[in-house]
Amino acid sequence: MFAEKSLREFVDMVASSSPTPGGGAVGAYAAALGSALLEMVANLTLGKKGYENKEAEMEAIVEKMKLEREKFLSLIDKDVKAFDEVMRALKMPKNTEEEKKRRSEQLQRALKEAADVPYELMRLTVGIIEDVPFLYKYGNKNAISDVESACEMLKSAFYIGKANVEINLKSIRDEEYVEKMKQEMEELEGKLKYCLESINEEKV
31 MFAEKSLREF
41 VDMVASSSPT
51 PGGGAVGAYA
61 AALGSALLEM
71 VANLTLGKKG
81 YENKEAEMEA
91 IVEKMKLERE
101 KFLSLIDKDV
111 KAFDEVMRAL
121 KMPKNTEEEK
131 KRRSEQLQRA
141 LKEAADVPYE
151 LMRLTVGIIE
161 DVPFLYKYGN
171 KNAISDVESA
181 CEMLKSAFYI
191 GKANVEINLK
201 SIRDEEYVEK
211 MKQEMEELEG
221 KLKYCLESIN
231 EEKV
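Per the working numbering, residue 31 is the first one in the sequence shown, and the count goes up by one each step.
In structure tokens form, the structure reads like this:
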């Protein structure tokens, strides 16, 4: 639903008094734009003189980015839905012990889903950023600033995802789930930093 809105409509909806679409959806939008920029750079490299020896890799990147940006766009609506489920659980009755139990169980399920969606944003973002050093080194030199712009968009999306996972983890009682998520986020951040260091090395 939200992914089908025009840019102006989406921005107006974010600016409204409604809590959705919020930060997680905005992060997914940013990641979709970042992957679209990388796809553009690969397209600008294809068929250009001096870049013929990297045609196959560029074609693969184009196809990958097409798939990944659709995943990011789908996360916009998934993020909104996950938030709505948390709010729905919070509004459940809690007058009896049975109602309290049912509400608590539903809320915990909803909170996990609300954490899983931005975690997926983090995971997918790292998978995209891994292609940035290659594009920076072998992509069309006239589009280097677009590669850097994409990298910044994706990095922002990653940390937006992280912030949204963390705020939900604070309310989740399943300690095993929480520790697993924290460990996996730490591993993803390590991969992200490694990719960013590789990009900085290419700039030298």
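In this text, a Cβ means the ideal position worked out from N, Cα and C, and glycines have one as well.
Could you round the C-beta distance between residue i and residue j to whole angstroms and report it? I think they count as a contact, below 8 Å.
i    : j    : result
K167 : E232 : 5 Å
I190 : G64  : Rounded, the Cβ-Cβ distance is 12 Å, inconsistent with contact.
A62  : D109 : Wrong, their Cβ atoms sit about 12 Å apart, outside the cutoff.
A180 : L74  : About 12 Å separates the two Cβ atoms, so there is no contact after all.
G242 : P148 : Given a span of 31 to 234 for the chain in the structure shown, any question on residue 242 remains unanswerable.
Let me know if residue i comes out buried or exposed under the rule of 16 or more other beta-carbons within 10 Å of its beta-carbon.
i    : result
E216 : exposed
N194 : buried
L105 : buried
M28  : Outside the modelled stretch of the chain, which goes from 31 to 234, sits residue 28, for which no answer is possible.
P163 : buried
K200 : exposed
M88  : buried
N198 : buried
L37  : exposed
For residue i, I'd like the list of residues in its chain whose CB is within less than 8 Å of its CB, leaving aside the five on either flank, ordered along the chain.
i    : result
K35  : M43
Q138 : I202, R203 and D204
V177 : L67, L68, V71, V162, L165, Y166 and G169
Here's a check: name, in chain order, each residue in its chain whose Cβ is nearer than 7 Å to the Cβ of residue i, leaving out the five neighbours to either side.
i    : result
K78  : N170
E160 : C225
Q136 : A119 and M122
Could you check whether the Cβ of residue i sits closer than 8 Å to any Cβ belonging to chain B?
i    : result
R132 : The structure shown has no chain B; it contains just one protein chain.
Given residue i, which residues of its chain have a CB within under 6 Å of its CB, disregarding the five upstream and five downstream residues?
i   : result
A66 : R99
Requested in this report: Would you mind listing the alpha helix (DSSP H) stretches within the segment 55–116 that are 4+ residues and don't spill past its ends, in chain order?
Outcome: Annotation: the segment 55–116 contains no complete segment of the alpha helix (DSSP H) (minimum length 4 residues).
Query raised in the report: Touch check for the segment 137–147 and the segment 111–126: three-plus C-beta pairs under 8 Å?
Result: yes
**Report entry** Whole alpha helix (DSSP H) elements within the segment 168–227, 4-residue minimum
**Finding:** Segments of the alpha helix (DSSP H) lying fully in the segment 168–227: 174–199.
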